[in-house]
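Student:
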Amino acid sequence: MERVENRVKSFKYLGIHVDDRLNWLEHINKQGEKAIKMQKNLKRIAFGNWGISQIHRWTLYKTVIERLLAHGSSAWCLNPTFKMKRKFSSIQRPFLLHISGAYRTTPTVALQTILGIPPLHMQLQFEARFTSIYCLRIPLPPFITDTQPHDLEMKATGCSTHPSEHLKPYQISFED
375 MERVENRVKS
385 FKYLGIHVDD
395 RLNWLEHINK
405 QGEKAIKMQK
415 NLKRIAFGNW
425 GISQIHRWTL
435 YKTVIERLLA
445 HGSSAWCLNP
455 TFKMKRKFSS
465 IQRPFLLHIS
475 GAYRTTPTVA
485 LQTILGIPPL
495 HMQLQFEARF
505 TSIYCLRIPL
515 PPFITDTQPH
525 DLEMKATGCS
535 THPSEHLKPY
545 QISFED
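Residue numbers (the working numbering): 375 to 550.
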């Protein structure tokens, strides 16, 4: 009995949406929709100048929304395309407006500058490259970065046992 596989436009693997063109826009769209839905629910709870202060809205954005969007970024955001950057900007804008309480006509770049939040595509690209080089030790192509894993120092592992367990003859011990 032959098994027929159906071709799909996209599928989800380990939390990352992979589309047939491997341009990651499907993943960005799905995660963006999820983030916007979270933002709308939060806005419903605490809107405008009551409920949650600006610093708490900023903290929620940095810890929840950016983490949601950064999931697996080392696989798909090492070198974002122009379309990806534009999509990230449109995803980030409502959050910046909500955090700042600014008018809708305020430019996104001005909001990023005032709040001290870098553009989302730059933040995700930084985290993707950092994870690839420092954590995964994956060498990246020279057109992305000149830093390679073998150029970096390894973290010292430290002692496997506590130094007090290896007393020298002239050291004092409280146990006798």
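Glycine residues also receive a C-beta, built at the ideal position from the N, C-alpha and C atoms.
As the structure is a computational prediction, the values presented were derived from the model and not from experiment.
Measure the C-alpha to C-alpha separation of D385 and A409 and round it to an integer number of angstroms.
Tutor: A quick correction: the sequence has Phe, not Asp, at residue 385. Each residue's alpha carbon lies about 19 Å from the other.
Student: Take Q466 as the anchor and find which of V438, N397 and S506 has the nearest alpha-carbon.
Tutor: The shortest C-alpha separation from Q466 is found at V438.
Student: Nearest-angstrom Cα distance between C509 and C451?
Tutor: Each residue's Cα considered, the two are about 16 Å apart.
Student: How big is the Cα-Cα spacing for L443 and R377?
Tutor: Their Cα atoms are separated by approximately 36 Å.
Student: Determine whether the beta carbon atoms of Y435 and I488 lie at a separation below 9 Å.
Tutor: Not closer than 9 Å, so no.
Student: Mind checking which residues open and close the alpha helix (DSSP H) that includes H472?
Tutor: Its alpha helix (DSSP H) spans residues F456 to S474.
Student: Only counting the same chain, and skipping five residues up and downstream in sequence, which positions put a Cβ closer than 7 Å to that of K457?
Tutor: Counting only Cβ-Cβ distances below 7 Å, and skipping sequence neighbours, we find L399.
Student: Rounded to whole angstroms, what is the Cα-Cα separation between R441 and E407?
Tutor: R441 and E407: Cα-Cα distance of roughly 14 Å.
Student: What are the boundary residues of the alpha helix (DSSP H) that S427 is part of?
Tutor: Note, S427: premise wrong, no alpha helix (DSSP H); not H, not E.
Student: Got a sec? Which residues, its chain only, sit under 6 Å from F462 by beta carbon, not counting five neighbours each side?
Tutor: Only L494 and H495 meet the Cβ criterion.
Student: Give me, in chain order, the residues of the same chain whose beta-carbon lies closer than 8 Å to that of T505; leave out the 5 immediate sequence neighbours on both sides.
Tutor: The residues are S447 and S448.
Student: Quick one: what's got a C-beta closer than 6 Å to L498's C-beta in the same chain, skipping five residues either side?
Tutor: Excluding positions up to five away in sequence, the list reads A444, S447 and C451.
Student: Could you tell me the alpha carbon to alpha carbon distance between I518 and G425, rounded to whole angstroms?
Tutor: When rounded, the distance between both Cα atoms is 43 Å.
Student: Can you tell me where the beta strand (DSSP E) with I390 in it begins and where it stops?
Tutor: Taken as a continuous stretch (DSSP letters only), the beta strand (DSSP E) holding I390 covers I390 to D393.
Student: Here's the rule I'm using: 16 or more other beta-carbon atoms within 10 Å means buried, otherwise exposed. How should L396 be labelled?
Tutor: With fewer than 16 other Cβ atoms within 10 Å, it is exposed.
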